[in-house]
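Numbering (my numbering), first residue to last: 842 to 1048.
We treat Cβ as the ideally placed atom computed from N, Cα and C, and that holds for glycine.
Because the structure is a prediction, the values reported are computed rather than measured.
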Amino acid sequence: MKSTRANFLPEQRFVPLRPALQEHLAKLGAAVTPENFQSICDEMVLKLLKETFARISADEGSIWLLDPEKQHLVVAFNSGPNTEKITGFKQPLSKGIVSLVVASEHAFVENQVYKNAKHSKDLDQKLHKTTYAMIAVPLYFLNEVRGVISCVQLLDVEVRDGQAAATGITPSGFGPSELNAIQTIAAVVRDLIDYRLLGTAVGWNRL
């Protein structure tokens, strides 16, 4: 069978309605908050996220969303053993690598990230861990950057003679293939959220 390219064109009857639809979708996007984010994600989205984090051997995987004031990033979803401690964690946009990813809209991957001066240690201190490797990619939906999908590999830390020292086995780290996996799932999450919000706007489904 020879494959062909579908060539679908916009329905002209809908063209006059486009501004009203875009305005309503903008309102829906603005109404998504870290607190209600999981309610717009069906189980399939969360399952895909968890499976992707597990496949690349991430200890924790998170979705950070901008708060309504766009002053902080807040963890709206987490997959990992420290979910209760991490979900709801708030970080100023002026601090940390995840904030740089939002500002630049560029993906980030690095091993030995604890040596990076731009890495915020606030969450590490809360977990009594050290971040060894990190991936962070911008999260978009409705044509705007809304936050970050990140995942990390962690080192255990103990205090020796007043100094923090890593213990245990050094993680394998992240590379281009793991970054590609997170960029792919970010695109999938974007498209599924866009579809759900569009479906809500036109009455196909109800959130």
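Buried or exposed (CB count within 10 angstroms, at least 16 for buried), residue i
i                 : result
threonine 1025    : exposed
phenylalanine 849 : exposed
glutamate 1019    : buried
glycine 1016      : exposed
alanine 872       : exposed
Boundaries of the alpha helix (DSSP H) in which residue i is found, first to last residue
i             : result
glutamate 925 : 924-927
alanine 1042  : 1017-1043
leucine 793   : Absent from the structure is residue 793, since the part of the chain shown begins at 842 and ends at 1048.
lysine 970    : Careful: lysine 970 lies outside any alpha helix (DSSP H), inside the beta strand (DSSP E) at 970-982.
lysine 956    : No alpha helix (DSSP H) contains lysine 956, which DSSP labels as neither H nor E.
Alpha-carbon spacing of residue i relative to residue j, whole angstroms
i             : j              : result
glycine 928   : aspartate 1035 : The residue you asked about is not glycine; residue 928 is threonine in the sequence shown. When rounded, the distance between both Cα atoms is 23 Å.
glutamate 946 : valine 986     : 8 Å
leucine 869   : leucine 1038   : 7 Å
leucine 980   : cysteine 992   : 13 Å
leucine 906   : aspartate 963  : 17 Å
glutamate 901 : aspartate 1032 : 23 Å
Candidates the options, of which the one nearest residue i by Cα
i            : options                         : result
serine 961   : Gln932, Arg987, Asn984          : Gln932
arginine 896 : Ser920, Thr874, Ile881          : Ser920
valine 939   : His913, Thr1041, Asn952, Asn923 : His913
Endpoints, the beta strand (DSSP E) within which residue i is located
i              : result
asparagine 952 : 949-952
Whole-number beta carbon distance between residue j and residue i, since they are thought to touch under 8 Å
i            : j            : result
alanine 977  : proline 1012 : Rounded, the Cβ-Cβ distance is 16 Å, inconsistent with contact.
alanine 1042 : leucine 862  : 6 Å
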